[in-house]
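Enquirer: Starting off with a structure, shown below.
There are 2 protein chains.
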Amino acid sequence: MARARISDVAAAAGVSVTTVSLVMNDVESRISEQTRRRVREAARAVGYAPSSVARGLRTQQTRTVGLISDQIATTPFAGRMLAGAQDAARENGHLVFLVDTGGNGAIERDAITALTSQQVDAMIYACMWHRVVEAPEGLPPATVFLDCRPAAGGFRSVVPDDRAGGYAATRELIRAGHRRIAYLDTDDGPIASNLRHEGYLEALAEAGIPVDPALHVTGATTAQGGRSAAEVLLDIPESRRPTAIFCFNDRMAVGAYTAAHHRGLEIPRDLSVIGYDDQQLVAAEQDPPLTTIALPHYEMGRWAMEVALGVREEGNDNATHQMECPVVRRDSVGPPPAQVAKPNRRRASYTERLP
Amino acid sequence: MARARISDVAAAAGVSVTTVSLVMNDVESRISEQTRRRVREAARAVGYAPSSVARGLRTQQTRTVGLISDQIATTPFAGRMLAGAQDAARENGHLVFLVDTGGNGAIERDAITALTSQQVDAMIYACMWHRVVEAPEGLPPATVFLDCRPAAGGFRSVVPDDRAGGYAATRELIRAGHRRIAYLDTDDGPIASNLRHEGYLEALAEAGIPVDPALHVTGATTAQGGRSAAEVLLDIPESRRPTAIFCFNDRMAVGAYTAAHHRGLEIPRDLSVIGYDDQQLVAAEQDPPLTTIALPHYEMGRWAMEVALGVREEGNDNATHQMECPVVRRDSVGPPPAQVAKPNRRRASYTERLP
DNA sequence: TTGAAAGCGCTAACAC
DNA sequence: GTGTTAGCGCTTTCAA
Numbered sequence: 001m002a003r004a005r006i007s008d009v010a011a012a013a014g015v016s017v018t019t020v021s022l023v024m025n026d027v028e029s030r031i032s033e034q035t036r037r038r039v040r041e042a043a044r045a046v047g048y049a050p051s052s053v054a055r056g057l058r059t060q061q062t063r064t065v066g067l068i069s070d071q072i073a074t075t076p077f078a079g080r081m082l083a084g085a086q087d088a089a090r091e092n093g094h095l096v097f098l099v100d101t102g103g104n105g106a107i108e109r110d111a112i113t114a115l116t117s118q119q120v121d122a123m124i125y126a127c128m129w130h131r132v133v134e135a136p137e138g139l140p141p142a143t144v145f146l147d148c149r150p151a152a153g154g155f156r157s158v159v160p161d162d163r164a165g166g167y168a169a170t171r172e173l174i175r176a177g178h179r180r181i182a183y184l185d186t187d188d189g190p191i192a193s194n195l196r197h198e199g200y201l202e203a204l205a206e207a208g209i210p211v212d213p214a215l216h217v218t219g220a221t222t223a224q225g226g227r228s229a230a231e232v233l234l235d236i237p238e239s240r241r242p243t244a245i246f247c248f249n250d251r252m253a254v255g256a257y258t259a260a261h262h263r264g265l266e267i268p269r270d271l272s273v274i275g276y277d278d279q280q281l282v283a284a285e286q287d288p289p290l291t292t293i294a295l296p297h298y299e300m301g302r303w304a305m306e307v308a309l310g311v312r313e314e315g316n317d318n319a320t321h322q323m324e325c326p327v328v329r330r331d332s333v334g335p336p337p338a339q340v341a342k343p344n345r346r347r348a349s350y351t352e353r354l355p
Numbered sequence: 356m357a358r359a360r361i362s363d364v365a366a367a368a369g370v371s372v373t374t375v376s377l378v379m380n381d382v383e384s385r386i387s388e389q390t391r392r393r394v395r396e397a398a399r400a401v402g403y404a405p406s407s408v409a410r411g412l413r414t415q416q417t418r419t420v421g422l423i424s425d426q427i428a429t430t431p432f433a434g435r436m437l438a439g440a441q442d443a444a445r446e447n448g449h450l451v452f453l454v455d456t457g458g459n460g461a462i463e464r465d466a467i468t469a470l471t472s473q474q475v476d477a478m479i480y481a482c483m484w485h486r487v488v489e490a491p492e493g494l495p496p497a498t499v500f501l502d503c504r505p506a507a508g509g510f511r512s513v514v515p516d517d518r519a520g521g522y523a524a525t526r527e528l529i530r531a532g533h534r535r536i537a538y539l540d541t542d543d544g545p546i547a548s549n550l551r552h553e554g555y556l557e558a559l560a561e562a563g564i565p566v567d568p569a570l571h572v573t574g575a576t577t578a579q580g581g582r583s584a585a586e587v588l589l590d591i592p593e594s595r596r597p598t599a600i601f602c603f604n605d606r607m608a609v610g611a612y613t614a615a616h617h618r619g620l621e622i623p624r625d626l627s628v629i630g631y632d633d634q635q636l637v638a639a640e641q642d643p644p645l646t647t648i649a650l651p652h653y654e655m656g657r658w659a660m661e662v663a664l665g666v667r668e669e670g671n672d673n674a675t676h677q678m679e680c681p682v683v684r685r686d687s688v689g690p691p692p693a694q695v696a697k698p699n700r701r702r703a704s705y706t707e708r709l710p
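Order-wise, the sequence lines are chains A and B. As numbered in my numbering, residues 1 to 355 make up the first sequence, in order. As numbered in my numbering, residues 356 to 710 make up the second sequence, in order.
Structure representation (structure tokens):
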């Protein structure tokens, strides 16, 4: 059976289409309560669902948003970001078109064309990790960049505050009593790498801890990469060896765990470790559960959508919004082992961050 | 500046809108090559992008698909499934509306209404793990169920062949020489749990291996759950202790690793382990990398989309399509340790499955 | 080989 | 309080 049209409802209720339209859209109250009821009943009776397509054509507003992302498939981060964007879209009565380009330029161009043809009300351009990107041609100027920043500016964008995150991670270790703190960095070149390093240096400087270049090592952003880099650190003679390692991400932190275990070092008794990302199914499942810095993916997704839909006022059309990365305390950070003497057996107990 | 309309192109090219429409849609070749060129040039000149909304209203085909899923945020599986669906949609010129309901019934109902109003050409109802579900009201009959099966039937659906997967996993261990093979199951009650168990029993029976109830243990589907359950298995006196463990999923297998390591058992020398899911950032990153059974998420996503769009013919509108779960060989399966005597130091080398 | 015109289902300006 | 009608931008039938 074919879709019911507004005229079917009008006929069934014995009114005009105008009346039906007015009732369905809750416009003014110039319609009598009795008529409203009759219309609504008729609509239900004929199984009427208004056509968003016809409405979109008429009003030139589709109540849809386009979300272009480079990779949803290969990173498990995507979920939270999409969830935030989705929730905000739903709360504002919008549906989202999701297009995953896999980083392919041709697909990206086609996606922009297709979404433009669909006359989406707003567009979001998302990356799955913090990056600086060339803004592709054809994006509407109101596009919001999510977890990335357009190289030439000109768009609103939201990214994590990696510098503050690096600072917070290092502060966390300093506060636990550490002075020989390593930064297990990556050489894969993400923009976050430098930013977190800056935060690390800032926290060190603030605490009056001299920088030891030997404590800055690098590796690939994998468990294996983290393990190799951690081994370099643990090879340092004990007097100068780090008592705590701040890892670029959770995966590398897992590698640091492995390296430590292979030398009989127990975490956090002999070595404190802090990660970054708060990656689901990774950070919390380690033994001991990994203290880490969370990327505010959900919040960034929500922010981007709200700004894109215009429900959140953001003054500058050309500004990058930085979002805080909170510390998630678990059990991989404790006080440093007692100097020179026997290792200190006391084990700090940290509790999981409350929601 | 406002969108260019088809009439703008017509005016610019000095032809009628009919001609422009015909050219833009590559209909017949009744238009002279010269006119075609003129039209295309004019379209480019005025920056014309046809309105899918107007076209959708006219043709009653929107070239959009609705994909409703219960959870994209909380499982890292989603990505591959979405990627498969996306790719198939794109290849067929369709855009996908993604709605994540978080399992909330009210949101689900609203989503179905919204997608119906958008007049999507097809609909997919996806779960993030293999389940039997109550089909919600209002789904079009042509909806395809992805990674789940409607309890009452009546829809096409695609799910992983968990029974065959359990069989394959167990076969893999039998072929490596094991006879005392445990099934580290879950008591969280997913439908896959029983199916994989059936496959396990079938492989055992086929090989003439008697079933030892002590080798069937259960736990929560987490690393911690896997660890506790594995400890029960490893507490069994060595003569009857399993030499291989088939784990319900990769996370539980990680727990089995931990339990083994805490007893000084080396994998795969002293104990072989096989997982399920081939979960990214988990299976491959273990030490040693975990041999596992892959869930065909990408393929299922693609299958569902192709069937939904009608580009793949599937006879029965009421049939459940089962998809193979391939073995992914890594390094956690080897021959059983030599009986009674000293452990066999030989270590089997398996190579990663080629793409 | 090309064009005129109807109409997809809805909203909103205007008339009553 | 309610109804008539034009028109959103396109496709497609029919006529030339």
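Even for Gly, the Cβ is constructed at its ideal location relative to N, Cα and C. From a predicted model like this one, the values you see are computed outputs, not experimental measurements.
Quick one: Cα of residue 128 of chain A to Cα of residue 85 of chain A, how far?
Expert: So the alpha carbons of these two residues sit roughly 14 angstroms apart.
Enquirer: Please name the residue in B:584, B:576, B:520 whose C-alpha comes closest to that of residue 569 of chain B.
Expert: The shortest C-alpha separation from residue 569 of chain B is found at B:584.
Enquirer: Let me see if you follow: with CB-CB separation under 8 angstroms, is residue 606 of chain B close to chain A or not?
Expert: Yes, residue 606 of chain B lies at the interface with chain A (some Cβ there is under 8 angstroms from its Cβ).
Enquirer: Using the beta-carbon of each residue, which ones in chain A are nearer than 8 angstroms to residue 574 of chain B?
Expert: Those do not exist, as residue 574 of chain B stays about 14 angstroms from chain A at its closest Cβ, beyond 8 angstroms.
Enquirer: Which one of B:452, B:491, B:433, B:378 has the shortest CA to CA distance from residue 392 of chain B?
Expert: Answer by Cα proximity: B:378.
Enquirer: Please classify residue 332 of chain A: is it buried, with 16 or more other beta-carbons within 10 angstroms of its beta-carbon, or exposed?
Expert: Classification of residue 332 of chain A: buried, given that the 10 Å Cβ count is 16 or more.
Enquirer: Can you name the residues of chain B whose CB is closer than 8 angstroms to the CB of residue 285 of chain A?
Expert: Those within 8 angstroms of residue 285 of chain A in chain B are 577, 578, 579, 606, 609.
Enquirer: Which residues, taken in chain order from the stretch 71-94 of chain A, show a beta carbon closer than 8 angstroms to some beta carbon of chain B?
Expert: From the stretch 71-94 of chain A, only 72, 73, 74, 75, 76, 78, 79, 80, 82, 83, 86, 90 have a Cβ closer than 8 angstroms to chain B.
Enquirer: Out of A:83, A:143, A:35, A:5, which has the shortest C-alpha to C-alpha gap to residue 47 of chain A?
Expert: Cα-wise, what sits closest to residue 47 of chain A is A:5.
Enquirer: Leaving out five residues on either side along the sequence, give the residues of the same chain with a beta carbon under 8 angstroms from the beta carbon of residue 76 of chain A.
Expert: Answer for residue 76 of chain A: 279, 280, 281, listed in chain order.
Enquirer: Might you give, ordered along the chain, the residues of its own chain that have their beta carbon closer than 8 angstroms to the beta carbon of residue 60 of chain A, omitting 5 neighbours on each side?
Expert: Cβ neighbours of residue 60 of chain A beyond the five flanking positions: 119.
Enquirer: Comparing the C-beta of residue 409 of chain B with each C-beta of chain A, is any distance below 8 angstroms?
Expert: At least one chain A Cβ lies under 8 angstroms of residue 409 of chain B.
Enquirer: Nearest CA to the CA of residue 100 of chain A: which residue from A:78, A:94, A:91, A:151?
Expert: Closest option to residue 100 of chain A, Cα to Cα, is A:78.
Enquirer: Quick check on the DSSP output: the beta strand (DSSP E) that includes residue 626 of chain B runs from which residue to which?
Expert: Unbroken run through residue 626 of chain B: none, as it is neither H nor E.
Enquirer: Leaving out the 5 sequence neighbours to the left and right, which residues in its chain are closer than 6 angstroms to residue 43 of chain A when beta-carbon positions are compared?
Expert: Only 9 meet the Cβ criterion.
Enquirer: Under 8 angstroms between the Cβ atoms of residue 605 of chain B and residue 645 of chain B?
Expert: The answer is yes: Cβ separation under 8 angstroms.
Enquirer: Among B:690, B:552, B:479, which has the Cα closest to the Cα of residue 657 of chain B?
Expert: Ranking the options by Cα distance to residue 657 of chain B, first place goes to B:479.
Enquirer: With distance defined between alpha-carbon atoms, name the residue in B:368, B:463, B:503 nearest to residue 652 of chain B.
Expert: For the residues B:368, B:463, B:503, the minimum Cα distance to residue 652 of chain B belongs to B:503.
Enquirer: Can you check whether the CB of residue 185 of chain A is closer than 8 angstroms to the CB of residue 158 of chain A?
Expert: No, these two residues do not count as a Cβ contact at 8 angstroms.
Enquirer: Evaluate residue 255 of chain A with the Cβ neighbour count: other Cβ atoms within 10 Å of its Cβ, from every protein chain shown; 16 or more gives buried, anything less gives exposed.
Expert: Answer is buried; the Cβ neighbour count reaches 16.
Enquirer: Does any residue of chain A bring its CB to less than 8 angstroms from the CB of residue 472 of chain B?
Expert: It does; some Cβ of chain A falls within 8 angstroms.
Enquirer: When you compare the stretch 588-596 of chain B with the stretch 552-562 of chain B, are there three or more beta-carbon pairs, one atom per stretch, that lie closer than 8 angstroms?
Expert: As far as the Cβ criterion goes, the stretch 588-596 of chain B does not touch the stretch 552-562 of chain B, which means the pair count is below three.
Enquirer: Output needed in chain order: residues of the stretch 21-32 of chain A with a Cβ under 9 angstroms from some Cβ in chain B.
Expert: Of all residues in the stretch 21-32 of chain A, none has a Cβ within less than 9 angstroms of some Cβ in chain B.
Enquirer: With H, G and I counted as helix, E and B as strand and the rest as coil, what does DSSP make of residue 635 of chain B?
Expert: It is coil, neither helix nor strand.
Enquirer: Between the stretch 184-201 of chain A and chain B, which residues of the former have CB atoms less than 8 angstroms from a CB of the latter, in chain order?
Expert: Residues: none.
Enquirer: Can you round the beta-carbon distance between residue 248 of chain A and residue 221 of chain A to whole angstroms, since I take them to be within the 8 angstroms contact cut?
Expert: Their Cβ separation, rounded to whole angstroms, is 7 angstroms, which keeps residue 248 of chain A and residue 221 of chain A in contact under 8 angstroms.
Enquirer: So is residue 107 of chain A in contact with chain B if we call contact Cβ pairs under 8 angstroms?
Expert: For residue 107 of chain A, the answer is yes, since a Cβ of chain B falls inside 8 angstroms of its Cβ.
Enquirer: Can you check the stretch 108-149 of chain A for any alpha helix (DSSP H) of at least 4 residues that lies completely inside it and give the ranges in chain order?
Expert: Correct list: empty.
Enquirer: Got a sec: is the Cβ-Cβ distance from residue 97 of chain A to anything in chain B below 8 angstroms?
Expert: Output row for residue 97 of chain A: interface = yes.
Enquirer: Under 8 angstroms between C-beta atoms, does residue 406 of chain B make it to chain A?
Expert: Interface residue, yes.
Enquirer: Residues in the same chain with beta-carbon distance under 8 angstroms from residue 464 of chain B, minus the five sequence neighbours each way, listed in chain order, please.
Expert: Hits under 8 angstroms: 491, 492, 493.
Enquirer: Could you have a look at residue 449 of chain B and say whether DSSP puts it in helix, strand or coil?
Expert: Residue state, collapsed to three classes: coil.
Enquirer: Relative to the alpha-carbon of residue 425 of chain B, which residue among B:411, B:438, B:466, B:408 has its alpha-carbon at the smallest distance?
Expert: That would be B:466, whose Cα lies nearest to the Cα of residue 425 of chain B.
Enquirer: Output yes if chain A places a C-beta closer than 8 angstroms to the C-beta of residue 455 of chain B; else output no.
Expert: Closer than 8 angstroms: yes.
Enquirer: At a CB-CB cut-off below 8 angstroms, which residues of chain B make contact with residue 114 of chain A?
Expert: Neighbours of residue 114 of chain A on chain B, chain order: 407, 450.
Enquirer: When DSSP labels each residue in this structure, what does residue 525 of chain B get in the three-state scheme?
Expert: Three-state DSSP puts residue 525 of chain B in a helix.
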